[in-house]
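Mapping of the sequence shown onto my numbering: position 208 corresponds to residue 208, and the numbering continues sequentially without gaps.
Each remark here refers to the structure printed beneath this line.
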Amino acid sequence: MSVPVIEVRDVGRTFMISSGFMRPKRPLHAVNGVDLAIEPGEVMALVGESGCGKTTLARMMMGLLSPSGGEILLDGKPIAGWNRSVIARAVQPIFQDPYSSLNPRKTVGSIITLPLRVQGAAEPEGWTRRAEEIMELVGLPRRLFNAYPNQLSGGQRQRVAIARALINRPKMVICDEPTSALDVSVQSQILNLLQDLRAELGLTYLLISHNLAVVEHIATRAAVMYLGRIVEQNAADVLFSAPRHPYTRALLASVLTPDPGLGVPDTHLGASYPNPLELPTGCTFHPRCADAMDDCARRIPVHTVVPGGHVTCHLHQNGGGSDAGT
Ligand code: SF4
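The following block contains the structure:
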């Protein structure tokens, strides 16, 4: 088996949060004991509701945040202590909002070549040519080299952001909701572009999204996060066709059908998302779980290996789990 492009081993990140005037700070476990390995060429999707820890995990993978525990490896080497610019050469982000992620005072050419300037890349006389080549690759006309972001459409701006991410030929691209700020008509163009670039440049993606239609369209594997933990992981087609974890099933049920006659689907997620400062005992999903058993509020489920992946739920365990609160 090949060495994963990026691997996350038992990684956690805790923030100390103020809980009120004159009150002591309390720990918020944004990411808790996460294991994830992304193989070369994969599109690993990370899905879950807002606040589940997806973006915190991605920021640690980019070296923007240090883990409170565990380790992150790039090409098999721990990145702890690495200079941020070294990590940035291998891991580049594409953010959800091309309107705010591009400097409005800089031209397209200047924006795309920024990583070359920051990294002090060799042969500055060739930067313009490299930028024009990458513009062509992402479907931007070269005549836009001297244009400003406000002269571009939303789709063109996202193509500029993609070109900027790719100009240093990273191994891994972290796409954080890459189409959610775009018109529906442009979304599929950008997704198809990401697919084509992956094949052409041999890229590996981490796709962060709460849009399951996007995930189903592009992902090869998917991991489902809930309250800082991965509760299910498998090949994307398996996860979509035969979800095992009740939370995954509820997320999939929440996707609106195109048939208006079927109405709004019942997700069974009756209770609201818990306060992450006061995690439920046992399985943290139990207050919202349609399949919860008496034991679920008392025992923490452990990872159970299933064909192609794993799931963390007492329904799929054989005597596992541990007695504990949070
Ligand atoms: Fe639901 Fe229990 Fe499984 Fe948690 S462990 S997801 S509460 S059935």
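No residue lacks a Cβ here, since even glycine has one placed at the ideal position from N, Cα and C.
Source: prediction; values computed, not measured.
For M225, the CB stays at least 7 Å from every heavy atom of the ligand SF4.
Taking a contact as a CB-CB distance under 8 Å, the pair L57 and V34 counts as one, their CB atoms being some 6 Å apart.
Rounded to the nearest whole angstrom, the CA to CA distance from N83 to A290 is 46 Å. With a threshold of 7 Å, the Cβ atom of F285 counts as near the ligand SF4, since some heavy atom of the ligand is closer than that. In this structure, Y247 has its beta carbon less than 7 Å from a heavy atom of the ligand SF4. If you look at F240, you'll find it isn't in any beta strand (DSSP E); it sits in the alpha helix (DSSP H) that goes A236 to S241.
Under DSSP, M172 forms a beta bridge with V91 and T204. In this structure, P274 has its beta carbon at no less than 7 Å from each heavy atom of the ligand SF4.
Between L28 and A223, the gap from beta carbon to beta carbon reaches 8 Å or more. Each residue's CA atom was taken as its position, placing A213 and T204 some 20 Å apart.
The straight-line gap separating the alpha-carbon atoms of G202 and G41 is approximately 6 Å.
Exposure of A122 is indicated by the presence of fewer than 16 other C-beta atoms within 10 angstroms of its C-beta. Excluding residues up to 5 positions away in sequence, I112, T113, P115, L116, R130, A131 and I134 lie with their Cβ nearer than 8 Å to the Cβ of I167 in the same chain. Cβ neighbours of R9 within its own chain (closer than 8 Å, five residues either side excluded): D35, G70, E71, I72 and L73. For R9, the uninterrupted beta strand (DSSP E) run begins and ends at I6 to I17, by DSSP. With distances taken between CA atoms, P141 lies nearest to A163 out of A163, E125 and W127.
Rounded to whole angstroms, the gap between the alpha carbons of A297 and G282 is 4 Å. Taking 8 Å as the upper bound for CB-CB distance, H210 and L191 are not in contact here, some 15 Å apart. Nearest to V231 by alpha-carbon distance, out of R23, M172, L206 and V305, is V305. When secondary structure is reduced to three states using DSSP, I190 falls in the helix class.
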